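Offset between the sequence shown (1-based) and my numbering: plus 25. Ideal placement from N, C-alpha and C gives every residue a C-beta, glycine not left out. Everything numeric in this text was worked out from a predicted model, so none of it was measured.
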Amino acid sequence: MQILLTIYSILLGLVIGSFLNVCIYRYQTKEPISRGRSHCPKCNHTLSWYELIPLFSWIGLRGKCKSCHQPISIQYPIVESITAICFLLIYLKFGITFDTLIYFIFASILIMAAVIDLQTMIIPDRTHIICILCGILLLILHPTQLLDKAIGAIIVCIPLLIIAYATKGMGYGDVKLMGAAGFVLGWQNILFAMMLGSITASVIGIITTRIKKISLKTEMPLGPHLIFGILFCLLYGNQLINWYLTSFF
Ligand SMILES: [Zn+2]
Numbered sequence: 026m027q028i029l030l031t032i033y034s035i036l037l038g039l040v041i042g043s044f045l046n047v048c049i050y051r052y053q054t055k056e057p058i059s060r061g062r063s064h065c066p067k068c069n070h071t072l073s074w075y076e077l078i079p080l081f082s083w084i085g086l087r088g089k090c091k092s093c094h095q096p097i098s099i100q101y102p103i104v105e106s107i108t109a110i111c112f113l114l115i116y117l118k119f120g121i122t123f124d125t126l127i128y129f130i131f132a133s134i135l136i137m138a139a140v141i142d143l144q145t146m147i148i149p150d151r152t153h154i155i156c157i158l159c160g161i162l163l164l165i166l167h168p169t170q171l172l173d174k175a176i177g178a179i180i181v182c183i184p185l186l187i188i189a190y191a192t193k194g195m196g197y198g199d200v201k202l203m204g205a206a207g208f209v210l211g212w213q214n215i216l217f218a219m220m221l222g223s224i225t226a227s228v229i230g231i232i233t234t235r236i237k238k239i240s241l242k243t244e245m246p247l248g249p250h251l252i253f254g255i256l257f258c259l260l261y262g263n264q265l266i267n268w269y270l271t272s273f274f
């Protein structure tokens, strides 16, 4: 049973990842999500069932459209694989619970927001709304966590708001993201998520400026790094906190 559910969570992640790709594409083209069958963005060829299998279609077609032979973005298999890995890790951590379902939704919306932020430098407001709804559902399941989550919503958000207002160097989308995610994760985990996100942003920022020889002032989205921190702390935040407390205190 355990192995079947493990495989199921991976397959579900692949399918949802594929759906996220559709949402990302249609967010940018402003097409409604419900608009008919998927098609190749370059030649408009309607995709048949065997071109729509997450991950495997891309591998089978060697990353090229069957009709026009133009390359299909590597974003598709990457988003599908990351969603599948996240779903697997969430299932392994939270088991067969309502929490798992809520975290599936939480992770999905964050993965989508990370890709949209990378491409457009905007985190859509619906990301924060869905995160807060996930937080409310979790509170209904675990009402004793109210204080932890309420502090989580403001502990990073308020300082970031001041920084964003004072320096104009940071988007309000990131501030809202950390407020909404803090409401889901609680105050300790969101602090670690912020720390982790800032570290990866600095490291990757320095590496890309070296490789691409661009100035450090070139605007790079912070959202994907913060989202990495949030998802990492959702899964391993408690271990990180324990390790920190035992190592330094
Ligand atoms: Zn095509």
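Return helix, strand or coil for residue i, following the three-state DSSP convention.
i	result
Lys89	strand
Lys64	For the sequence presented, residue 64 should be read as His rather than Lys. DSSP places His64 in strand when its eight states are reduced to three.
Pro96	strand
My understanding is that residue i touches residue j, with C-beta atoms under 8 Å, so please give their C-beta distance in whole angstroms.
i	j	result
Gln213	Ile155	Between Ile155 and Gln213 the Cβ distance is about 23 Å, and since that is not below 8 Å, they are no contact.
Gly198	Ile148	4 Å
Ile115	Thr125	6 Å
Met219	Met203	6 Å
Gln95	Lys118	Their Cβ separation, rounded to whole angstroms, is 40 Å, which puts Gln95 and Lys118 out of contact at 8 Å.
Leu113	Thr31	7 Å
Ile127	Leu164	At roughly 11 Å, the Cβ-Cβ gap does not stay under 8 Å, so Ile127 and Leu164 are not in contact.
Gly230	Leu251	Contact doesn't hold; Cβ gap of about 13 Å is too wide.
Cys48	Ile58	6 Å
Ile97	Gly85	Not quite, the Cβ-Cβ distance comes to about 11 Å (not below 8 Å), so this is no contact.
Leu80	Glu56	The Cβ separation is near 23 Å, so there is no contact.
Using CA coordinates, which residue listed in the options is at the minimum distance from residue i?
i	options	result
Val200	Ile187, Val209 and Glu76	Ile187
Gly61	Gln53, Tyr52, Thr54 and Thr71	Thr71
Gly248	Ile165, Ala138, Asp173 and Tyr33	Ala138
Ala206	Leu259, Ser43, Gln27 and Ile231	Leu259
Ile176	Ile215, Val47 and His167	Ile215
Ile280	Phe123, Ala189 and Gly38	The requested residue 280 is not part of the displayed model; the chain covers only 26 to 274.
Val40	Cys65, Gly88 and Ser133	Ser133
Ile78	Phe44, Ile58 and Ile232	Phe44
Asp173	Ser92, Glu244, Ile99 and Leu210	Leu210
Pro246	Ile183, Thr145 and Phe217	Thr145
Gly42	Arg87, Phe129 and Gly88	Phe129
Met26	Ile121, Gly88 and Lys55	Ile121
Gly194	Ser34, Ile136, Leu29 and Glu244	Glu244
Phe217	Gly88, Ile136 and Phe257	Phe257
Ile157	Val140, Ile141 and Leu135	Leu135
Trp83	Ile103, Cys93 and Asn69	Ile103
Ile179	Ile224, Ser63, Tyr190 and Phe208	Phe208
Ile99	Trp268, Gln170 and Asn46	Asn46
Any beta carbon of chain B sitting closer than 7 Å to that of residue i?
i	result
Leu171	Reference to chain B is not applicable here, since this structure consists of a single protein chain.
Continuous beta strand (DSSP E) assignments of at least 3 residues falling wholly in the segment 116 to 186:
none
Would you list the residues whose beta-carbon is nearer than 7 Å to any heavy atom of ligand 1, in the order they occur in the chain?
Cys65, Lys67, Cys68, His70, Cys90, Ser92, Cys93 and Gln95
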